[in-house]
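**Student:** Going line by line, the protein sequences match chains A and B. Our numbering applies: residue 1 is where the first sequence begins, and numbers increase by one. Our numbering applies: residue 321 is where the second sequence begins, and numbers increase by one.
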Amino acid sequence: MSEVVAAVLARAMETGTILLLAALGEIYAERSGVLNLGVEGMMLLGALGAFGAAHLLGNAWAGLAIAVLIGAVVSLLHSFMSVTLRLNQVATGLSIYLLGVGLSGFLGKPLVGVTVPGLPVVAFPSVQDALSKVPVIGLVLGRLLGGLNPMVYLSIALAVIMWFILFRTRWGLNIRSVGENPSMADSLGVSVFRIRYICVMIGGSLAALSGAYLILGLLGSWTEAPAAAPVTAGRGWIAIALVILAAWSPLRAILGAYLLGGVEALQYTLQGFQLGIPSQFFTMLPYISAIVVLTSFSVETVRKRIGVPAALGVSYSREE
Amino acid sequence: MTSVLGYTVRWERRLHAPLGLRFGVPVLSVGLAFVVGAAVLAANRVDPLRAYSQISMVFLTLSGISQALSIGAPVLLIAVGLAIGFRTGFWNIGAEGQYLMGAVGATWIALFVPDIPPTLVVPLMAMGGFVSGAAWASGPALLKARLGVNEVLTTLMTVYIALQLVFYLTLGPWRDPLVPAFAGTAPFPAYARLPRIPGTSIDPSITIGILIAIVLYQLMQRSRVGFEIRVVGESTSAARYAGIRYLRTILLGMIISGGLAGLAGMVVVSGSAGYLRAEIAVGYGFTGIIVAWLAGLNTLAVIPATVLFSGLKVGADVLQTTSGVPEAFTVLFQAMIFIFVIVGELFRLYRFRIIRTLSA
């Protein structure tokens, strides 16, 4: 039994990490007042760049680095459109999404069937041995603390650091003030444009990193997917829902990510039990739970308590 | 605004966009996409001139035109519906899912409802398609109108749910018992297929699409409902102030856009396909968004925009077989057009003046 629990939890954390990385970036973008609906597109481009680079350079870590770079560059396009040109942020996000689908499908064609070095799983046998002596939960702990993809641990560290910066430093205060009341922040000498550009860039880099982790850490191969359902399978959109579930807090995003990751992980376990329910209904679960999350957090009373950034999605200009 | 070398750009809101810009922006956007597309093709060692002449050949051969028309019908229906939906400020990006559910509804009537007089099957399928698509869209619409749930996310989620539902049906209860190795329904009987226009291989659905586009254009321009839809899209609070029933209007916009996407699904399963399979989800729902946007949300302008896009799609398919250009080139091309159109929108809304600032 504890083996099953360990496997489900491990899988929940590993799939949840995809959502966590993307959501952490989106939290920064949205805290600064920019709604980036292009997360899915940036994930796709990150996945493509990482896969291509890992194949050419023979190193998964180099793939991750390239992905971060690509995410930053694509973010420049998004912030130029949404911050400088003040275009409707739903339209700009959608355009990045479509660009990601088109470009990754177009350039990814030669990568179908190619093999790449994956991200190594970090294993600490001594830790696992020591923890396995703990009664009842020993095996589970050992698996989770001593044998998962390194990105799981890195993303937790990142979440803590990003939480600290956002809520305990001057920079974080500036970011939040720009997202709450840009004209006030501006009058106090905070550069709204610079902060929004930086935050969108952090968002894009992490979205791309999330795509890179998905392809190098979990999927392992590039497949030609139809435009209606690209390889990221809507996870970028679920990550945007996760931001709301996390109430724009990097720490709460960790729990939310594992919760939604758990929904995805559970489907594989439940399928194994032969319950007689067709697998397609399990595959629907992450999308249904995202809708449930969105709905329950849109109720007026909840919405007031979680504190949506007041200037989210609103362009800023000094003149108006 | 920040000034560069003592100059800044001043944004002046236009009251009326000049006619030249209203036509110029979309035309220029498409032109620019062709230029960038040529660079992308050249970078992939495909001669852009040859590629583009192959694409334009689509419009000159009978087989090319009839292929483009069979793609054009669903794209036109989806884009016309979305143009109305977007006007109400409802960002329905899940037309692909509503299209699939329309196909499911039509298939159910074609194969699984007994005792329908054969002559009534096609009209009932069309109704079934429309109703299923509209019903599928009504969930996100109600959530948005009642609770303010972000419809961009919910409509997109419902695409994935619809796709899984089609997988389930075509692998499970609706699978063709004669060909169990295939995920798909049995072929539709002849009375459940759209009739062909005599002497051609195309069905009349494109003409129905054009008719709907014209009717909806008149409705938007002349009727009270059209007026209400336009006001709601401009400003929710203004609409409430003017006594417009917000919920009713947004639901109507959603029924039209979801329903027409569903009808597009019916047109495909009853017309060109003749069965239900998950492979019918080829991205028409996403193409429809860009077509509607390129047309400036004007249902009449959707017609030429559809001609362009379906010609491009058929042309890109030709390129794929002759030059090995990946199918995704179409999506990339569409994304570029979309980016140019939304940036070009600025020039319709604002006049830009470069002025000298004294402080610098």
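Glycine is no exception: its CB is placed at the ideal position from the N, C-alpha and C atoms. These numbers were taken from a predicted model, which means no experiment stands behind them.
At 7 Å on the CB atoms, spell out the chain A contacts of residue 394 of chain B, in chain order.
**Tutor:** Position 74 of the second sequence, counted from the start, is the residue given in the question as residue 394 of chain B. Neighbours of residue 394 of chain B on chain A: none; closest Cβ ~13 Å, over 7 Å.
**Student:** Would you mind stating whether residue 182 of chain A and residue 316 of chain A have Cβ atoms separated by less than 8 Å?
**Tutor:** Residue mapping note: residue 182 of chain A aligns to position 182 of the first sequence, counting from 1. Residue mapping note: residue 316 of chain A aligns to position 316 of the first sequence, counting from 1. It is a contact, given that the beta carbons lie within the stated cut-off.
**Student:** With a Cβ-Cβ cutoff of 8 Å, do residue 604 of chain B and residue 395 of chain B count as a contact?
**Tutor:** For the purposes of this step, residue 604 of chain B is taken as residue 284 along the second sequence, with counting starting at 1. For the purposes of this step, residue 395 of chain B is taken as residue 75 along the second sequence, with counting starting at 1. Yes, they are a contact pair.
**Student:** For residue 81 of chain A, return the contacting residues in chain B, with the cut-off set at a CB-CB distance below 8 Å.
**Tutor:** Position 81 of the first sequence, counting from 1, holds the residue named residue 81 of chain A. The contacting residues are 659, 662 and 663.
**Student:** Please confirm whether residue 680 of chain B has its beta-carbon closer than 8 Å to some beta-carbon of chain A.
**Tutor:** Taking the second sequence and counting its residues from 1, one reaches residue 680 of chain B at position 360. In this prediction, residue 680 of chain B has a pLDDT of 43, which is less than 50 and means its spatial position is unreliable; nothing more can be read from the coordinates.
**Student:** Let me know the alpha helix (DSSP H) ranges lying completely inside the stretch 507 to 557 of chain B, each 4 residues or longer, listed in chain order.
**Tutor:** Taking only runs of at least 4 residues, the alpha helix (DSSP H) segments lying wholly in the stretch 507 to 557 of chain B are 525 to 542 and 544 to 554.
**Student:** State whether the stretch 596 to 615 of chain B contacts the stretch 333 to 340 of chain B, with contact taken as three or more CB pairs (one from each stretch) at a distance under 8 Å.
**Tutor:** Too few Cβ pairs lie closer than 8 Å, so no.
**Student:** For the stretch 484 to 509 of chain B, which residues have a CB atom closer than 8 Å to at least one CB atom of chain A, in sequence order?
**Tutor:** Here the close residues are 484, 485, 487, 488, 491 and 492.
**Student:** At which residues does the beta strand (DSSP E) containing residue 329 of chain B begin and terminate?
**Tutor:** The sequence position of residue 329 of chain B within the second sequence is 9, counting from 1. Here the beta strand (DSSP E) through residue 329 of chain B covers 327 to 333.
**Student:** Residue range of the alpha helix (DSSP H) that residue 568 of chain B falls in?
**Tutor:** Here the question's residue 568 of chain B lines up with position 248 in the second sequence. That run of the alpha helix (DSSP H) goes 566 to 587.
**Student:** What in chain B is Cβ-close to residue 163 of chain A, meaning under 8 Å?
**Tutor:** Within the first sequence, numbered from 1, the residue matching residue 163 of chain A stands at position 163. Those do not exist, as residue 163 of chain A stays about 24 Å from chain B at its closest Cβ, beyond 8 Å.
**Student:** Counting Cβ pairs, one atom from each stretch, are 3 or more of them under 8 Å apart for the stretch 261 to 279 of chain A and the stretch 24 to 35 of chain A?
**Tutor:** Output reads no: the stretch 24 to 35 of chain A does not touch the stretch 261 to 279 of chain A.
**Student:** Please report the Cβ distance between residue 503 of chain B and residue 514 of chain B, rounded to the nearest whole angstrom; I am assuming they are in contact, meaning their Cβ atoms lie under 8 Å.
**Tutor:** As a position in the second sequence, residue 503 of chain B is number 183, starting the count at 1. As a position in the second sequence, residue 514 of chain B is number 194, starting the count at 1. Wrong, their Cβ atoms sit about 23 Å apart, outside the cutoff.
**Student:** Which residues in chain A have a C-beta closer than 8 Å to the C-beta of residue 476 of chain B? List them in chain order.
**Tutor:** Numbered from its first residue, the second sequence carries residue 476 of chain B at position 156. Result: 234 and 237.
**Student:** Have a look at residue 172 of chain A and residue 641 of chain B and give me their C-alpha separation to the nearest angstrom.
**Tutor:** For the purposes of this step, residue 172 of chain A is identified with residue 172 of the first sequence, where counting begins at 1. For the purposes of this step, residue 641 of chain B is identified with residue 321 of the second sequence, where counting begins at 1. Cα to Cα, residue 172 of chain A sits roughly 53 Å from residue 641 of chain B.
**Student:** The stretch 271 to 285 of chain A: which residues have C-beta closer than 8 Å to a C-beta of chain B, in chain order?
**Tutor:** Going along the stretch 271 to 285 of chain A in chain order, one finds 278, 280, 281, 283 and 284 with a Cβ nearer than 8 Å to chain B.
**Student:** Please report the distance separating the alpha-carbon of residue 447 of chain B from that of residue 40 of chain A.
**Tutor:** Translated into the one-based positions of the second sequence, residue 447 of chain B becomes position 127. Translated into the one-based positions of the first sequence, residue 40 of chain A becomes position 40. Residue 447 of chain B and residue 40 of chain A: Cα-Cα distance of roughly 34 Å.
**Student:** List, in order along the chain, the chain A residues whose C-beta lies closer than 7 Å to that of residue 646 of chain B?
**Tutor:** What you label residue 646 of chain B is simply residue 326 of the second sequence in a count that begins at 1. Neighbours of residue 646 of chain B on chain A, chain order: 105, 106 and 109.
**Student:** Determine the contact status of residue 478 of chain B and residue 449 of chain B, defining contact as a CB-CB distance below 8 Å.
**Tutor:** Here residue 478 of chain B refers to the residue found at position 158 of the second sequence. Here residue 449 of chain B refers to the residue found at position 129 of the second sequence. For residue 478 of chain B and residue 449 of chain B, no; Cβs fall outside 8 Å.
**Student:** Where does residue 653 of chain B sit, in a helix, a strand or coil, going by DSSP?
**Tutor:** Numbered from 1 along the second sequence, position 333 holds the residue referred to as residue 653 of chain B. Residue state, collapsed to three classes: helix.
**Student:** Residues of chain B with CB under 7 Å from residue 287 of chain A, in chain order?
**Tutor:** For this step, residue 287 of chain A is matched to residue 287 along the first sequence. In chain order: 477, 480 and 481.
**Student:** Quick one: list the residues of chain B neighbouring residue 102 of chain A, beta-carbon separation under 9 Å, in chain order.
**Tutor:** Within the first sequence, numbered from 1, the residue matching residue 102 of chain A stands at position 102. Neighbours of residue 102 of chain A on chain B, chain order: 648, 649, 650, 651, 652, 653, 654, 655 and 656.
**Student:** So the candidates are A:89, A:283 and A:310; which of them puts its Cα closest to the Cα of residue 264 of chain A?
**Tutor:** Looking up residue 264 of chain A in the first sequence gives position 264. Checking every option, the nearest Cα to that of residue 264 of chain A belongs to A:283.
**Student:** State the start and end residues of the unbroken alpha helix (DSSP H) segment that holds residue 365 of chain B.
**Tutor:** Indexing the second sequence from 1 puts residue 365 of chain B at position 45. Taken as a continuous stretch (DSSP letters only), residue 365 of chain B belongs to no alpha helix (DSSP H), as it is neither H nor E.
**Student:** Can the beta-carbon of residue 456 of chain B be found less than 8 Å from the beta-carbon of residue 418 of chain B?
**Tutor:** Along the second sequence, read from residue 1 onward, the residue named residue 456 of chain B stands at position 136. Along the second sequence, read from residue 1 onward, the residue named residue 418 of chain B stands at position 98. Cβ atoms of residue 456 of chain B and residue 418 of chain B: closer than 8 Å.
**Student:** Taking its Cβ as the centre, do 16 or more other Cβ atoms sit within 10 Å of residue 169 of chain A, making it buried, or is it exposed?
**Tutor:** By 1-based counting over the first sequence, the position of residue 169 of chain A is 169. Residue 169 of chain A is exposed by the Cβ-count criterion.
**Student:** For residue 672 of chain B, I'd like the list of residues in its chain whose CB is within less than 6 Å of its CB, leaving aside the five on either flank, ordered along the chain.
**Tutor:** By 1-based counting over the second sequence, the position of residue 672 of chain B is 352. Excluding residues within five positions, the ones whose Cβ falls inside 6 Å are 329.
**Student:** Kindly list, in the order they appear in chain B, the residues whose Cβ is closer than 7 Å to that of residue 299 of chain A.
**Tutor:** In the first sequence, counting from the first residue as 1, residue 299 of chain A sits at position 299. 467, listed in chain order.
**Student:** For residue 84 of chain A, I'd like the list of residues in its chain whose CB is within less than 8 Å of its CB, leaving aside the five on either flank, ordered along the chain.
**Tutor:** What you label residue 84 of chain A is simply residue 84 of the first sequence in a count that begins at 1. 193, listed in sequence order.
**Student:** Just how far apart, CA to CA, sit residue 443 of chain B and residue 266 of chain A?
**Tutor:** If you number the second sequence from 1, residue 443 of chain B lands on position 123. If you number the first sequence from 1, residue 266 of chain A lands on position 266. So the alpha carbons of these two residues sit roughly 43 Å apart.
**Student:** Which chain B residues are close to residue 259 of chain A, counting only those with a beta carbon under 7 Å from its beta carbon?
**Tutor:** As a working note, residue 259 of chain A is residue 259 in the first sequence. The contacting residues do not exist; residue 259 of chain A stays about 16 Å from chain B at best.
**Student:** Is it true that the stretch 395 to 409 of chain B meets the stretch 626 to 636 of chain B, where meeting means three or more beta-carbon pairs spaced less than 8 Å apart?
**Tutor:** The stretch 395 to 409 of chain B is in contact with the stretch 626 to 636 of chain B.
**Student:** Using only CA atoms, which one of A:186, A:184, A:87 and A:209 lies nearest to residue 35 of chain A?
**Tutor:** Locating residue 35 of chain A in the first sequence gives position 35, counting from the first residue. Considering only alpha carbons, the answer is A:87.
**Student:** Taking Cβ-Cβ distances shorter than 7 Å, what residues in chain A pair up with residue 411 of chain B?
**Tutor:** As a working mapping, residue 411 of chain B is identified with position 91 in the second sequence. Going along chain A in sequence order, the residues near residue 411 of chain B (Cβ under 7 Å) are 90.
**Student:** Quick one: what does DSSP say residue 8 of chain A is sitting in, helix, strand or coil?
**Tutor:** Here residue 8 of chain A refers to the residue found at position 8 of the first sequence. Residue 8 of chain A: helix per DSSP, three-state reduction.
**Student:** I believe residue 473 of chain B touches residue 294 of chain A by the beta-carbon criterion, under 8 Å. Please report the beta-carbon distance rounded to the nearest angstrom.
**Tutor:** Sequence index remark: in the second sequence, residue 473 of chain B carries index 153 (1-based). Sequence index remark: in the first sequence, residue 294 of chain A carries index 294 (1-based). At roughly 6 Å, the Cβ-Cβ gap stays under 8 Å, so residue 473 of chain B and residue 294 of chain A are in contact.
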